[in-house]
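Colleague: Residues 82 to 200 (the working numbering) make up the sequence shown, in order.
The beta carbon of each residue, even a glycine, is placed where N, CA and C say it ideally should be.
If you scroll down you'll find the structure; I have some questions about it.
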Amino acid sequence: MSTDFSIRPVGIPAPTQIVPTSNAAANEAVQTDLPVSQTVAASDTGAPVRNDLPNHENVSRQVVFDQAAASFVFQVVNAKTDAVVTQFPDEAMLRRRAYFHALDMQSEPSRPLSTDVSA
Numbered sequence: 082m083s084t085d086f087s088i089r090p091v092g093i094p095a096p097t098q099i100v101p102t103s104n105a106a107a108n109e110a111v112q113t114d115l116p117v118s119q120t121v122a123a124s125d126t127g128a129p130v131r132n133d134l135p136n137h138e139n140v141s142r143q144v145v146f147d148q149a150a151a152s153f154v155f156q157v158v159n160a161k162t163d164a165v166v167t168q169f170p171d172e173a174m175l176r177r178r179a180y181f182h183a184l185d186m187q188s189e190p191s192r193p194l195s196t197d198v199s200a
């Protein structure tokens, strides 16, 4: 195998059409080779970006201990309907942890608790 490796341009680059935009930030952006249908305009810098949950006054946060999975679950709950909006870890992860926890409990020999041992 050869040790010399070089990349050479092939052919003449095709000219690209410049599409005028209405946003000043987009006009000053770096030009790309994307077609107009796939381009993205710069966001409006006047509006602040927020990552809050919608209706943050209607949610509460709680921590629950899942005994089957032997782990804590952090939940964001709708205060009006008591529906879980988001949780960490998700249900799939909890089922996986519960399965492995059950396997661990089966493989462990039963040991008496320190309160069960008589002197």
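Among 168, 185, 179, which has the Cα closest to the Cα of residue 149?
Modeller: Ranking 168, 185, 179 by Cα distance to residue 149 puts 179 first.
Colleague: Can the beta-carbon of residue 181 be found closer than 9 angstroms to that of residue 168?
Modeller: Contact: no.
Colleague: Residue 186: which of 158, 151, 111, 170 sits nearest, CA to CA?
Modeller: 151
Colleague: Given a cut-off of 9 angstroms, decide if residue 157 and residue 142 are closer than it, judged by their beta-carbon atoms.
Modeller: A contact, by the Cβ cut-off of 9 angstroms.
Colleague: Between the alpha carbons of residue 117 and residue 105, how many angstroms are there, rounded?
Modeller: 17 angstroms
Colleague: Straight-line CA distance for residue 164 to residue 139?
Modeller: 11 angstroms
Colleague: Give the secondary structure of residue 168 by DSSP, where H, G and I count as helix, E and B as strand, and everything else as coil.
Modeller: For residue 168, the secondary structure class from DSSP, reduced to helix, strand or coil, is strand.
Colleague: Tell me which residue opens and which closes the beta strand (DSSP E) that residue 118 is part of.
Modeller: Here residue 118 belongs to no beta strand (DSSP E), and DSSP marks it neither H nor E.
Colleague: From what residue to what residue does the beta strand (DSSP E) around residue 159 run?
Modeller: Here the beta strand (DSSP E) through residue 159 covers 152 to 159.
Colleague: At what residues does the beta strand (DSSP E) containing residue 258 begin and finish?
Modeller: Residue numbering for the chain in the displayed model covers 82 to 200; residue 258 lies beyond these limits and cannot be assessed.
Colleague: What is the DSSP secondary structure of residue 187, reduced to helix, strand or coil?
Modeller: helix
Colleague: Can you tell me which of 189, 162, 144, 159 puts its alpha carbon nearest to the alpha carbon of residue 170?
Modeller: 144
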